[in-house]
Structures are given as structure tokens and as C-alpha cells.
Amino acid sequence: MSETTHDATVAVSPPAAPDEGLTAGELAAKHGLTVSGARPSLLEYVRQLWDRRHFILAFSRAKLTAQYSQAKLGQLWQVATPLLNAAVYFFIFGLLLEADRGMSREVYIPFLVTGVFVFTFTQSSVMAGVRAISGNLGLVRALHFPRASLPISFALQQLQQLLFSMIVLFAVTVGFGHYPDLSWVLIVPVLVLQFCFNTGLALIMARAGAKTPDLAQLMPFVMRTWMYASGVMFSIPIFLADKPGWIANVLQWNPAAIYMDLMRFALIDDYSSEFLPDHVWAAAGGWAVLFAVGGFVYFWKAEERYGRG
Numbered sequence: 001m002s003e004t005t006h007d008a009t010v011a012v013s014p015p016a017a018p019d020e021g022l023t024a025g026e027l028a029a030k031h032g033l034t035v036s037g038a039r040p041s042l043l044e045y046v047r048q049l050w051d052r053r054h055f056i057l058a059f060s061r062a063k064l065t066a067q068y069s070q071a072k073l074g075q076l077w078q079v080a081t082p083l084l085n086a087a088v089y090f091f092i093f094g095l096l097l098e099a100d101r102g103m104s105r106e107v108y109i110p111f112l113v114t115g116v117f118v119f120t121f122t123q124s125s126v127m128a129g130v131r132a133i134s135g136n137l138g139l140v141r142a143l144h145f146p147r148a149s150l151p152i153s154f155a156l157q158q159l160q161q162l163l164f165s166m167i168v169l170f171a172v173t174v175g176f177g178h179y180p181d182l183s184w185v186l187i188v189p190v191l192v193l194q195f196c197f198n199t200g201l202a203l204i205m206a207r208a209g210a211k212t213p214d215l216a217q218l219m220p221f222v223m224r225t226w227m228y229a230s231g232v233m234f235s236i237p238i239f240l241a242d243k244p245g246w247i248a249n250v251l252q253w254n255p256a257a258i259y260m261d262l263m264r265f266a267l268i269d270d271y272s273s274e275f276l277p278d279h280v281w282a283a284a285g286g287w288a289v290l291f292a293v294g295g296f297v298y299f300w301k302a303e304e305r306y307g308r309g
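For what it's worth, full-length UniProt numbering labels the leading residue of the sequence shown as 1, then goes sequentially.
Quick look at the structure:
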């Protein structure tokens, strides 16, 4: 394009830029650019997670090994910690407060140890999930991978830790006269359902903790309240027999109580189905599916925001 100036000379204006007038989105599409760290579709996200299954398993094992690497007793603390907690709770609730109402010592001690071990599985998964993103920002910002790998790996780490602890739980149960029988087969589906529930909860807490790191300071108080409300140290239907029935129903239907009671039902001969709420297996499966699916989708929706400050 040219034009004549006042002194009759011809001035030539520069040609229009080829990208002039295009929006940022149109520019990106024209040059084949994509958003860095953009959230993939849900199915694609699942496929990416499956492709990294070996990383998830190896990461959980490494975390488990490193957890007590500085302690002289090493991995023995995986068993000693919940066992010491059970001993403290037995002293306070079993001896001083007599929370074993209606239970013999042969039933109450396995009842208490089972509750402590099973609830610790959920508690540890939640606490690890809160810090899954905020505590690994260097890894999140340095590498491209589906961020759900982290909370899933931490939940898997806690499952492996529980499996080590189960050896002591079996020894305590047998030591008080409750020997293996067909009901012990139920341990497997109980652990599978609880793991699915814990994983979903860890995913939810990972997203919340990534946005609000201070949540890690609040959660110990929340978990302690949940523990006392879930019947870890006492039987809910026995302890609340003189209270309105709806209170016991609400506490028994909470997922932590359901998984603990199912494990007790599987391990302890005298812990019969009368201590379980109606349709307990349906409730256990419902909680597991609701949190596993809902937690996964909830975490996936914020995938592109993790690690961005």
C-alpha cells in the first residue's frame, strides 16, 4: 500500500501482519499450540493413570520404606504405633472409664485393637491426602503426569502399612480365643471397599489441601472427633442403649463405623450381626462407590490448577 505525500514523493506503508486481528485462541489454533497442563477428558485421564500404574506402586513403596528410615526400629513402627495407641485407649477407656460395657475381656481387647487399626487406615489416608499436592509441589511443577497419581499412591501406601499391621491384629485375635474360620474370608472385601472409600476421600482432601494448605493443621482435630464418634473404643448400640435410637443409627451408619464393625464381625466370634446396622454391606459398598467415583471426578476437575500457585 502506498500514498502520495505533500512534496509529491511516494511513501510505502508496511504490509499488514498476517496474524493481525486474531484472538489469542485463534493464534494458538493457527500455530498448533495447546494449553500447558490442560485437563484431559475423563476417559483420557483414566488411561493416563493406568499407564502410570507402575510409578504409583513404586512411589507408594518408596514412601513406605522412607517413612521410618530415620528410626532405629525402622519398619517395626508400622505395627508398634497403632498397637501402642490401642494399649493407651484400653487403659483409659477399658479400665478407667469401663467403655467395655457388656463385653468380656476376651472380646473387648480384639474389638478395641481392630477398631484402632482399621480407623488408623482411614485417618492416615486422609492426612496423607491433605498434603499430597501441597507437600510435593516440586514434583508437581517439575514433571507432567496425572496429579491423581499422588493421593492414590498415598492411599496405597497406607493399605500396605495396614497389611503389615494385620499380622499383629491376627495374633491378638487368636491370642484371645478367636480362631480363623470362614468368616475371615470377609476381610478381603472389607479391605477393598475401605480402600476405595479412603482413596476417594484422599482425592477430595488433596484438592482441598492444594487450595488451602492450612487444612493440614485443622484435620487432626476433625479426625479425632470422627474417631470418638465412630465407636473405636466402645460399641455404639451398647454404649448408647439409653439414648434416643436415631443417635446410635446416625453414628453406626457413618462409613468409618461400618468398616470397623464389618472387620470385627469377620474376626471376632462373639461379635454377631446384631451389632451391625441393617443392610450393612449395601451401605459399605455405597460409601465406597460414592467417594471413589465422586472424589475422582472432583479431583480431576481441578487438574490444570495444581501447582500453579
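Glycine included, each C-beta is placed from N, C-alpha and C at the ideal position.
Inset, instruction - Between the Cα of M103 and those of G129, R308, I268, E303, spot the shortest distance and give me the residue it belongs to. - result: I268
Inset, instruction - May I ask you to verify whether the segment 280–296 touches the segment 191–205, counting CB pairs closer than 8 angstroms and requiring at least 3? - result: yes
Legend entry - Cβ shell of V130 (< 8 angstroms), same chain only, five flanking positions each side left out: M205, A206, A208, G209, L215, A216, M219
Inset, instruction - Let me know the secondary structure DSSP gives I204 once reduced to three states. - result: helix
Legend entry - For residue 379, three-class secondary structure by DSSP: No answer is possible for residue 379: it lies beyond the span of the chain, which begins at 1 and ends at 309.
Legend entry - Assigned secondary structure, K87 (DSSP; H/G/I helix, E/B strand, else coil): Note that residue 87 corresponds to Ala in the displayed sequence, not to Lys. Correct three-state label for A87: helix.
Inset, instruction - Please confirm whether F299 and A155 have their CB atoms less than 8 angstroms apart. - result: no
Inset, instruction - Sort V107, N136, A132 by Cα distance to F176 and report the nearest one. - result: V107
Inset, instruction - Label Y179 either buried or exposed according to how many other C-beta atoms from any shown protein chain fall within 10 Å of its C-beta, with 16 as the threshold for buried. - result: exposed
Legend entry - Sequence ranges, alpha helix (DSSP H) only - wholly within the segment 233–279, length at least 4: 236–239, 245–252, 255–267
Legend entry - 8 angstroms contact criterion, which F90 and M260 should meet: CB distance rounded: Not confirmed; about 16 angstroms, so no contact.
Legend entry - Close-in-space but distant-in-sequence residues of the same chain around S165 (CB under 6 angstroms, 5 per side omitted): V79, P82, F117
Legend entry - Neighbourhood of S125 by C-beta, 6 angstroms cutoff - its chain only, sequence neighbours within 5 removed: A155, Q158, N198, A202
Legend entry - Own chain residues within Cβ distance below 7 angstroms of N136, not counting five before or after: L150
Inset, instruction - Below 6 angstroms CB to CB, which residues in the same chain sit around F291 once its five sequence neighbours on both sides are set aside? - result: F197, G200, L201
Legend entry - Segment limits, alpha helix (DSSP H) that includes M103: Unbroken run through M103: none, as it is neither H nor E.
Legend entry - Contact set for W184: own chain, Cβ-Cβ below 8 angstroms, skip 5 residues either direction: A266, L267
Legend entry - Cα-Cα separation, A229 to R105: 22 angstroms
Inset, instruction - Kindly indicate which three-state DSSP category R224 falls into: helix, strand or coil? - result: helix
Legend entry - C-beta contact flag for V190 and L262 at 8 angstroms: yes
Legend entry - Where K211 sits in the DSSP three-state scheme: helix
Legend entry - Same chain only: Cβ atoms within 7 angstroms of G294, ignoring 5 sequence neighbours per side: G200
Inset, instruction - Pick helix, strand or coil for R39, following the three-state DSSP scheme. - result: coil
Legend entry - Residue interval of the alpha helix (DSSP H) (run including V172): 149–175
Inset, instruction - Would you identify the three-state DSSP class for D51, choosing helix, strand or coil? - result: helix
Inset, instruction - Select from Q67, L57, L112 the residue whose C-alpha is nearest the C-alpha of A257. - result: L112
Legend entry - Euclidean distance between Cα positions of W253 and V280: 8 angstroms
Inset, instruction - State the Cα-Cα distance for the pair A128 and L162, rounded to the nearest angstrom. - result: 14 angstroms
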